[in-house]
Each structure stands twice: as C-alpha cells, then as structure tokens.
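Below is one structure, written out as structure tokens, with a few remarks after it.
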Amino acid sequence: MRRRMLGCAAAAIMLVSGRPSPGGEMLVVRGDVVHTMTGPPIEKGVVVIEGGRITLVGSALDIPVPPAARVLEGRVVTPGLIDAHTALGLSGYLNQEQDQDQLDKGEPIQPELRAIDSYNPRERLIEWVRGFGITTIHTGHAPGALVSGQTMIVKTAGETADDAVVKPVAMVAVTLGDDARPGDEKKSPGTRSKAVAMLRGELVKTQDYLRKRELADPEKRPDRDLRREAFADVLRGRLPLLVTVNRATDIDAALRIAAEFGITIVLDSAAEAYLAADRIRAAGVPVIVHPSMRRGGKGETENISFETAATLRAKGIPVALQSGFEGYVPKTRVALFEAAVAAANGLTTEQALATITTDAAAILGVADRVGALRPGMDADVAVFDGDPFEYTTHCTAVVIDGRVVSEAPR
Amino acid sequence: MRRVVLFSGIICLAAVQMTVRQAAAQERPVVFANARVLPVSGPPIDAGTVVVVGGTIAAVGPAGATPIPADSETIDCTGKVIIPGLVDTHSHVGGGWGGDASGPIQPDVRVLDSINVRDSGFRKARAGGLTTLNIMPGSGHLLSGQTIYAKLRKASTIDDLFVRDAAGKPLGGMKMANGTNSRKDVPFPGTRSKSAALVRQKFLKAQDYRRKIDQAKDDPTKRPDRDLEMEGLLDVLDGRTVVHHHCHRADDIMTVLRLREEFGFKVVLHHVSEAWKVADQLAKAQAPCSVIVVDSPGGKLEAMDLSLATGAVLEKAGAPVAIHTDDPVTDSRLFLRSAALAVRGGMSPEKALEAVTLAGAKMLELDARIGTLEPGKDADLAVLSGEPFSARTKVLETWIEGRKVFDRDDPEDRLFAVGGYGSGRDQQAHACCTDERLSETK
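Quick look at the structure:
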C-alpha cells in the first residue's frame with residue numbers, strides 16, 4: 062500500500078512538472094505579418110495553439126477565431142527566438158563567485174561536466190532575454206578551458222532545469238586559441254600546439270577505451286569513466302564538439318581535428334571565419350557567429366566584422382547567431398539585437414530571422430520542435446509592435462509551450 | 004644653399020604650428036543640399052540645406068531660402084539625413100591610462116600623455132558619426148586623472164585632436180569614481196564611507212592650497228611651491244574643469260551630489276544605472292546625467308538595477324540627459340543604437356538625439372561650438388542613409404570642421420565601419436596637416 066501511494070505521488074509529480082507542459086487553453090496569435098519561417102510571411106496571419114502545440118497557421122481570411130480562444134495580437138509575429146549559444150543560467154547576472162558556474166578551472170579537460178547540474182532557471186537574465194522574445198537557449202559551460210564541459214538546450218521558462226530542458230546534452234564545449242590557456246605559466250596548455258596535442262591525445266585515448274569496452278571478456282573491459290564516455294559519444298557522432306575559435310589559424314586546427322577523427326563539430330564565435338569560408342564550407346561545418354560587440358580589444362577578436370553572418374551564408378555555410386558569453390557589463394547580450402546587426406549588414410530580414418529561428422534550430426538539432434510556426438511544433442511565439450529588428454520596437458508578448466509567459470512590452 | 008634649406012624649413016615649421024587648427028579647415032565652401040536636416044536646435048527641415056564655410060556652419064535652412072556662396076561645392080543629399088556630429092561624453096578610445104597603483108587620488112595625471120592616436124578605435128568612432136569625445140582614464144581610482152576633449156580629426160599626434168580654449172590650452176575634465184571599482188587594498192579605500200572621506204580630505208587640502216595662494220597675493224616669496232596635484236584640484240574647485248564622475252548606485256549618486264554641495268564643483272554624473280530611483284532629486288539638483296545604455300543589467304553589483312528606461316525617467320523628471328558609449332563597453336559605431344534603445348525604453352526621439360549631441364556638448368561646456376547645426380558652430384556633422392534610430396541606417400559620411408573624415412564609399416574607411424581583417428590593427432599615422440598618410444608619402 063505504502064509503495065503504491067509513493068508510486069501515485071511520483072506519477073502526479075510527473076504530470077505537473079514533466080515536459081512538455083502544455084498550456085491548457087486555446088490561444089490564437091494574430092499578426093499583421095506572421096513570419097512562419099516555413100514559407101513567405103503571411104499578411105494578416107493567424108497561429109492557433111492548443112495543448113502547448115501549434116495546430117493551425119494561415120491567413121485570417123481562412124481561419125476563424127474559435128469563440129473560446131484567448132487572442133494575442135501584434136504587428137509582427139515570429140517563432141519564439143533561439144539564442145544559439147550563451148552561458149545563461151550557469152553564469153548569473155551578479156557576476157559574483159557564487160553565481161558563476163560556467164567554468165571550472167581545476168582541470169583543462171572536463172567533458173563530463175553536465176550543464177543541467179548547474180542550470181538555474183530562476184536566473185534573472187533568463188527572464189530578461191525572454192522579454193525580448195528569446196524562448197530557447199543553447200547554454201552551458203563557457204569558453205575559457207580547452208574542454209570546459211557540456212552544453213544543453215532549454216526553454217526560457219520552467220521552474221526547474223528538468224522542466225525547461227529540450228535536450229539535456231547538446232554539445233561538448235571546446236576552446237582553441239588564447240582563451241584555452243589557463244593563464245598560469247606552469248599549467249598546460251601553454252601554447253596552441255599543446256592544446257591541439259592534448260585534445261588529440263584525449264580522443265586517441267578514447268578510441269582505445271571504446272575498443273577495450275567491446276572486448277569479449279568482461280574482466281578485461283575498462284571501468285566506466287565519465288570523461289571517456291563523453292568523448293566516446295563525440296567519437297560515435299552522437300555529440301558534436303562546439304569549438305570556440307577566433308583566429309583563422311585556430312579555425313583550421315579545429316577543421317583538422319574534425320577530419321582526423323571523423324567527428325561532428327560546430328564552430329563558435331569564429332571571428333575570422335571569413336578568411337576560412339571555403340574550407341569551412343568544404344568541411345560541411347556550421348558556424349554560430351560571435352556577437353557584434355564581442356570584446357577582445359587587441360586580441361583574437363580584433364578583426365571581427367558585422368558582415369560575417371552574411372559572408373558565410375552567401376558561401377552556403379549554415380549560420381546562427383548568439384548572445385555569447387560576457388564576463389562584465391552587460392552580463393548578456395540579446396540575440397535579437399545581434400540579428401538586427403546582421404540584417405543591417407548584408408542579410409535580408411528573413412535570412413536574419415533564420416539565424417535566430419530555423420537555422421539555429423537546425424544547427425542545434427532541435428528543428429523538429431522549435432524555430433518555425435507550423436502545425437505540430439512547440440507553441441513558442443514572439444509578438445512585436447513593429448519590425449523586430451528595429452531597436453525602437455517592443456516585444457509585446459511571448460508564448461512558450463502554449464503559455465503566455467510575458468506580456469510586459471520590452 | 005644650406006641656409007636656404009634651413010630657412011624654408013623654419014617657415015614650414017611655423018606654418019605647421021600656426022595651422023594646427025586651421026589646417027583642418029576646408030578651402031571651398033561646401034553645400035549639403037536636399038537633405039532631411041535634424042539640427043537639434045530646432046525642428047527637422049525636409050529638403051534642407053547646410054552651408055559650410057571655413058570649417059564653420061554658415062547657414063542652415065530650407066532649400067531656396069538659404070543663401071549659397073558663389074564658389075561652393077554642392078553635395079546632393081537627396082534621401083539622406085544630416086545630424087550634428089555625435090558627442091560622446093565618456094570614451095576610452097586610444098587606450099589611454101590615467102593613474103597607477105600608487106594611490107587612489109591622482110589629479111596630476113593626464114590621459115593625454117598616454118593616448119595612441121593610431122588606435123583603430125578612432126577610425127571606428129568616426130565611422131559611427133562621432134566627432135567629439137571626452138576621452139577618460141579608467142574608474143579604478145577615486146580620481147584617476149585629467150580627461151581630454153578630443154575632436155576626431157585625422158591626426159598624427161594627440162595635439163591634433165585637442166579642443167583648445169581661447170588661450171590655446173587643451174580642454175578636458177577630471178575623472179572621478181565611487182562605488183565598487185575603486186575599492187581595493189590600502190592605500191585604496193575599503194568602503195564607500197572611506198572613499199568619500201579620502202576625497203573630502205584631498206579637497207580640503209586643495210582649499211588650503213587655494214587660501215595660501217590667495218594670501219600671498221602678489222608676493223611670489225609667500226606663494227606655496229607648485230604642486231601638480233593641487234593645481235589639478237584647483238582647476239576643479241575654481242570651476243575651470245568639470246568633474247566626470249562614475250557612479251551607478253542611487254546612494255553613490257547622492258554621495259556625489261553631497262560632495263558637489265560641499266565643495267561647489269561642477270560635475271557630470273556618468274553611467275547612473277540607478278538614476279531612475281532618484282530622478283526627482285536629480286531633476287531638482289539639475290544634475291547632468293550621462294547614461295550608459297547596454298543590452299542587459301548585471302555583470303557587476305552596482306549595475307544590477309540598470310534599466311533601459313533610465314533616460315526616459317530622467318527626461319520625464321526634467322533632469323539633463325546625455326548618453327555615452329564608454330567605448331569599449333559599447334562600440335562607438337553603434338552609438339546611435341544606444342540612443343535608439345533609450346527610445347525603446349520610453350525616451351522621446353527628440354531628447355534621445357539631443358542626448359548624443361547637444362546635451363553631451365553642454366556637459367563638456369562646448370555647446371557654444373558643437374552639438375547642433377546652427378550658424379557659427381563648428382561644421383561637425385554626420386550624413387546618414389536614413390532616420391538616425393533605424394537599425395538599418397548607415398553613417399555614410401562624417402565631417403569635422405568642414406572636412407570629411409569618414410566616407411563609407413572609401414574602401415579603407417569601410418573596413419573600419421564594418422570590420423574585417425586588418426580593422427583591429429593600429430592605423431597608419433597621418434602626415435601632419437595634409438590629408439595624406441605617411442605610408443603614401445614615403
């Protein structure tokens with residue numbers, strides 16, 4: 062009896078907090094322009110939402126508003142926006158020791174660190190970016206160590222990390238270049254070549270681990286090792302490496318490692334990607350481009366360009382944009398503003414929107430759930446009182462999984 | 004022969020010295036025709052004309068009603084928008100440093116002695132439509148040194164950038180800070196109260212120095228020895244130099260006002276993340292506020308409550324509002340975006356444009372010369388592709404004192420405007436007083 066009650070309680074908790082947590086009521090979002098991202102924008106468009114999912118998208122002429130439905134209206138409606146790379150939820154807005162969990166500097170290589178174990182869904186900056194229409198973020202361990210840990214994909218709503226999660230393990234964060242150096246001369250890696258050698262060494266070691274784990278005699282198999290298992294998923298093609306690089310030299314090093322081990326990588330930041338565009342294209346590697354005001358002074362990011370997203374896209378490289386990681390003021394950037402810079406520097410409105418919706422979703426491997434307005438997708442919607450890329454426009458409503466999570470204009 | 008060469012060399016030098024400012028002046032009058040002109044000093048003028056003669060604005064008005072000089076060069080600006088050159092009250096372009104770790108209060112230190120005029124940041128700032136900067140030392144001291152007001156002319160030395168007073172003295176302010184940045188180990192303060200006490204003690208000392216000078220009257224034997232620190236503070240106490248004071252939290256803002264009251268100095272409050280909490284007090288005190296507009300709050304404890312609405316709240320309360328870049332905290336090329344985000348936060352577009360032009364000029368006490376498009380003012384302006392607060396608008400040209408210092412159609416200028424390989428390096432020096440760079444004259 063006792064056991065049965067416990068079982069009931071567990072089931073009830075699952076019902077309350079398990080994902081997806083569908084908004085109960087029927088919701089209709091109407092816009093003068095609806096960017097579905099599956100086709101041309103719809104003038105006077107309507108998005109119908111039920112049970113947390115999109116059920117209908119089309120013209121207001123064709124879709125009557127059901128009498129029981131709640132209606133949200135705005136000038137422009139887009140899919141909920143995706144920030145393709147951030148450290149939000151791990152790196153808090155106070156920027157004090159107690160709210161900075163994005164980087165453990167104890168060791169240079171720690172792919173076993175899970176993002177979900179640090180993610181704070183109540184972090185104030187998550188609410189901040191959500192107010193600008195950001196509904197999905199790819200977040201986790203930050204650049205700053207050779208292998209800093211795992212990343213995850215979450216919605217910007219939810220009481221717990223488990224509520225919010227879309228993909229608990231998304232990628233393994235790798236940094237090459239100056240930021241991979243711990244800053245202590247006695248600690249490795251101290252040079253670019255050393256960093257690459259260390260990473261290759263780990264992957265070679267993991268190849269051996271995988272081989273030995275398959276040995277017929279269980280006695281001869283190596284013990285389970287979290288670090289090896291994380292890298293094993295990389296070698297098996299289940300887990301991409303998110304490689305933060307800026308100089309063309311480091312981009313080439315990343316492509317070399319990907320080719321040597323036949324692994325999937327995503328380039329991150331990539332300040333000088335325009336110098337390596339043909340090679341990136343040939344390798345079939347997507348790029349999550351740095352924020353436009355990425356600070357670096359005279360360092361590796363000194364040659365960043367506002368036009369990189371447009372340059373790479375024109376080459377046929379999949380491109381997404383990101384808020385990135387900030388260590389000072391402001392503690393986060395806003396992916397919406399980054400797309401605005403891209404829209405002003407070579408991308409069309411639809412192309413710039415794609416960098417924070419469909420294309421971002423595809424690079425993150427979540428395009429079956431988020432990034433577009435079409436039946437069956439998660440009901441994540443952003444509503445604006447004008448062109449979303451104008452700085453003077455406001456985001457007036459945000460819907461996540463069919464629930465209105467924000468109605469304060471921002 | 005040798006003497007001739009020497010002689011002409013002297014003439015050349017003299018000419019160079021005489022024309023540091025004039026060298027930048029144009030030769031032919033320039034007429035910007037058919038632009039939408041936002042003069043800031045008055046309502047927008049559609050199909051407006053701006054006439055520039057000798058580096059100065061000669062006339063601004065509607066087409067047809069504005070006299071055009073006979074030998075002028077006309078630039079058709081149909082479809083374009085002209086605004087005053089942007090004034091940035093708080094910039095760190097040029098990598099200048101102020102005081103060192105020896106102490107928290109260093110009024111003898113001048114940032115002008117450490118600025119690299121070849122820093123690519125200057126070219127990027129011109130690409131953003133900026134024409135005048137207050138270049139400051141950092142905020143890691145209670146008083147980190149003297150700032151410099153700089154025109155973004157093409158320069159080979161810092162002297163080429165100076166804005167001078169009638170006596171030829173380069174103008175600048177004094178950088179101070181409270182809150183958390185200057186809290187360090189001794190001899191730096193450990194608390195806010197200690198910060199204020201150290202500053203007050205130093206100003207009391209300067210008052211004593213003032214008294215000794217006054218008591219000596221015309222007797223040089225009674226005058227105290229020259230003291231660079233005291234001289235720096237006297238400029239502040241005597242009202243010749245404006246204090247530019249870093250402060251974020253509402254209580255830190257009020258502390259600055261308390262010190263202003265006690266010592267009677269002129270002060271501009273910078274960053275003012277929490278000014279929205281004390282807007283009425285700031286309006287009542289008519290305290291000039293220069294606001295930083297960034298993408299999010301946080302990153303440090305004193306910026307926790309930073310708000311996009313700060314400009315709007317201060318405008319509504321009636322306090323003077325400017326906006327600054329704090330470059331590199333925000334990129335000078337996106338300075339207009341800061342003003343646009345202030346509009347998003349509720350500020351009126353008119354006041355937001357004023358905040359990056361005239362209001363800044365007033366806070367630097369340069370509004371007689373810059374900040375609006377009015378006859379008699381320096382011909383500092385930016386030609387835009389559209390309305391100033393649209394994300395899609397580009398700065399096409401930047402002009403200072405009647406000379407074009409940025410042209411988006413010039414491939415090299417464009418590199419600095421959008422970025423790309425080479426945009427981060429130090430730039431080549433400009434040969435003094437010509438438009439050509441040294442690299443081209445070698």
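Protein chains in written order, with the numbering used here: chain A, 62 to 471; chain B, 4 to 445. From the three backbone atoms N, C-alpha and C, an ideal C-beta is built for every residue, glycine too.
So, is Arg336/B buried or exposed, given that buried needs 16 or more other C-beta atoms within 10 angstroms? Here the question's residue 336/B lines up with position 333 in the second sequence. Under this definition Arg336/B is a buried residue.
Please say whether Met177/B and Asp241/B have beta carbons closer to each other than 9 Å? In the second sequence, counting from the first residue as 1, residue 241/B sits at position 238. In the second sequence, counting from the first residue as 1, residue 177/B sits at position 174. Contact: no.
Segment contact, 8 Å Cβ cut-off, at least three pairs: the segment 330–341 of chain A with the segment 284–303 of chain A: no
For Val265/A, count neighbouring Cβ atoms within 10 angstroms of its own Cβ and tell me buried if that reaches 16, exposed if not. In the first sequence, residue 265/A corresponds to position 204, counting from 1. Label assigned to Val265/A: exposed.
With DSSP run on the structure shown, which of helix, strand or coil describes Met233/B? Residue 233/B sits at position 230 when you count from the first residue of the second sequence. In the structure shown, Met233/B sits in a helix (DSSP, three-state: H, G or I).
Using the beta-carbon of each residue, which ones in chain B are nearer than 7 Å to Glu451/A? Translated into the one-based positions of the first sequence, residue 451/A becomes position 390. Within chain B, the residues near Glu451/A are Ser393, Ala394.
Using a beta-carbon distance below 9 Å, is Glu387/A in contact with chain B? To locate residue 387/A, count along the first sequence from 1; it is residue 326. Answer yes: the Cβ-Cβ gap between Glu387/A and chain B drops below 9 Å somewhere.
Helix, strand or coil at Ile256/B according to DSSP, with G and I counted as helix: Stepping through the second sequence from its first residue, residue 256/B is reached at position 253. Looking at Ile256/B - three-state DSSP - the assignment turns out to be helix.
Taking the alpha-carbon of Thr99/A as reference, which of Asp123/A, Gly92/A, Val109/A, Thr139/A has the nearest alpha-carbon? Numbered from 1 along the first sequence, position 38 holds the residue referred to as residue 99/A. Nearest of Asp123/A, Gly92/A, Val109/A, Thr139/A to Thr99/A, Cα basis: Thr139/A.
Compare the C-beta of Gly193/B against all C-beta atoms of chain A and say whether one is closer than 9 Å. The residue labelled residue 193/B in the question sits at position 190 within the second sequence. It does not; no Cβ of chain A falls within 9 Å.
Mind listing the chain B neighbours of Glu368/A? Cutoff is C-beta to C-beta under 9 Å, in chain order. Your numbering for residue 368/A matches position 307 in the first sequence. Near Glu368/A (Cβ distances below 9 Å), the residues of chain B are Val421, Gly422, Gly423.
Sort Asp313/A, Arg272/A, Ile324/A by Cα distance to Ala334/A and report the nearest one. Here residue 334/A corresponds to residue number 273 of the first sequence, with the count starting at 1. For the residues Asp313/A, Arg272/A, Ile324/A, the minimum Cα distance to Ala334/A belongs to Asp313/A.
In chain order, what are the residue ranges of uninterrupted alpha helix (DSSP H) at least 4 long that sit wholly in the segment 275–334 of chain A? 287–296, 309–322
What residues from the segment 176–198 of chain A come within 8 Å of chain B, judged by C-beta to C-beta, listed N to C? Arg185, Leu186, Trp189, Val190
Give every residue of the same chain whose Cβ lies closer than 8 Å to the Cβ of Ile170/A, excluding the five residues on either side of it in the sequence, and list them in chain order. The count along the first sequence starts at 1 and reaches residue 170/A at position 109. Closer than 8 Å at the Cβ level, and outside the excluded window around Ile170/A, lie Ala206, Leu207, Val208, Met259, Leu260, Glu263, Arg288.
Using a Cβ cut-off of 7 Å, pull out every chain B residue sitting near Asn156/A, in sequence order please. Sequence index remark: in the first sequence, residue 156/A carries index 95 (1-based). By Cβ distance, chain B contributes Gly301, Gly302, Lys303.
Cross-chain neighbours of Arg213/B in chain A, by beta carbon under 7 Å: Position 210 of the second sequence, counting from 1, holds the residue named residue 213/B. Going along chain A, no residue has its Cβ under 7 Å from Arg213/B, so there is no contact; the nearest lies around 37 Å.
For the segment 340–358 of chain B, enumerate the residues whose C-beta is nearer than 7 Å to any C-beta of chain A, in chain order. Arg340, Ala343, Leu344, Val346, Arg347
Under the assumption that Gly463/A contacts Gly113/A (Cβ atoms under 8 Å), give the Cβ distance between them as a whole number of angstroms. Taking the first residue of the first sequence as 1, we reach residue 463/A at position 402. Taking the first residue of the first sequence as 1, we reach residue 113/A at position 52. The pair is a contact, with the Cβ atoms about 4 Å apart (cut-off 8 Å).
What are the start and end residues of the alpha helix (DSSP H) that includes Ser196/B? Position 193 of the second sequence, counted from the start, is the residue given in the question as residue 196/B. Here the alpha helix (DSSP H) through Ser196/B covers 195–219.
What residues in its chain sit with their C-beta under 6 Å from that of Ile461/A, if we drop five residues either side in the sequence? Counting from 1 along the first sequence, the entry for residue 461/A is found at position 400. Result list for Ile461/A: Thr196, Lys216, Ala218, Asp441, in chain order.
Thinking C-beta only, is Thr369/A closer than 9 Å to Ala332/A? For the purposes of this step, residue 332/A is taken as residue 271 along the first sequence, with counting starting at 1. For the purposes of this step, residue 369/A is taken as residue 308 along the first sequence, with counting starting at 1. Their beta carbons are under 9 Å apart, which means Ala332/A touches Thr369/A by this criterion.
Closest Cα partner of Asn307/A within the set Leu174/A, Ile349/A, Leu164/A: Taking the first residue of the first sequence as position 1, residue 307/A is located at position 246. If we check each option's Cα against that of Asn307/A, Ile349/A comes out closest.
Based on Cα-Cα distance, which residue from Pro42/B, Thr360/B, Asp412/B lies nearest to Thr328/B? Taking the second sequence and counting its residues from 1, the one referred to as residue 328/B is at position 325. Considering only alpha carbons, the answer is Thr360/B.
Looking at the C-beta of Thr313/B, does it have a partner C-beta in chain A at a distance below 9 Å? Taking the second sequence and counting its residues from 1, the one referred to as residue 313/B is at position 310. Taking Cβ atoms only, chain A never reaches closer than 9 Å to Thr313/B, which makes this a no.
Sequence-distant residues of its chain with Cβ nearer than 6 Å to Ser44/B (five each side left out): Residue 44/B sits at position 41 when you count from the first residue of the second sequence. The answer, listed in chain order, is Thr375, Glu377.
Considering only residues of the segment 272–329 of chain B, which uninterrupted beta strand (DSSP E) runs meet the minimum length of 3 residues and lie entirely inside it, listed in chain order? 292–295, 324–327
Quick one: Cα of Thr69/B to Cα of Ala38/B, how far? Along the second sequence, one-based indexing puts residue 69/B at 66. Along the second sequence, one-based indexing puts residue 38/B at 35. One C-alpha to the other measures close to 13 Å.
Integer Cβ distance of Lys166/A from Pro243/A, believed to fall under 8 Å: Along the first sequence, one-based indexing puts residue 166/A at 105. Along the first sequence, one-based indexing puts residue 243/A at 182. Confirmed, about 6 Å.
For the segment 353–377 of chain B, which segments carrying the beta strand (DSSP E) assignment without a break, of at least 3 residues, lie completely within its bounds, in sequence order? none
Could you tell me which chain A residues have their CB closer than 8 Å to the CB of Met307/B, listed as they occur along the chain? Along the second sequence, read from residue 1 onward, the residue named residue 307/B stands at position 304. Within chain A, the residues near Met307/B are Tyr154, Leu155.
Cβ-based burial, Glu265/B [other Cβ within 10 Å; buried from 16]: The residue labelled residue 265/B in the question sits at position 262 within the second sequence. Its Cβ having fewer than 16 others within 10 Å, Glu265/B is exposed.
Going by alpha carbons, who is nearest to Lys365/B out of Thr92/B, Ser142/B, Lys287/B? Taking the first residue of the second sequence as position 1, residue 365/B is located at position 362. Per the Cα distances, Thr92/B.
With a threshold of 9 Å between beta-carbons, can Lys365/B be considered close to chain A, or not? Translated into the one-based positions of the second sequence, residue 365/B becomes position 362. No - not a single Cβ of chain A is within 9 Å of the one on Lys365/B.
Buried/exposed call for Thr81/B, threshold 16 Cβ in 10 Å: For the purposes of this step, residue 81/B is identified with residue 78 of the second sequence, where counting begins at 1. It counts as exposed.
With 16 other CB atoms within 10 Å as the buried threshold, where does Lys287/B fall? Counting from one through the second sequence, the residue named residue 287/B turns up at place 284. The residue is exposed, with fewer than 16 neighbouring Cβ atoms inside 10 Å.
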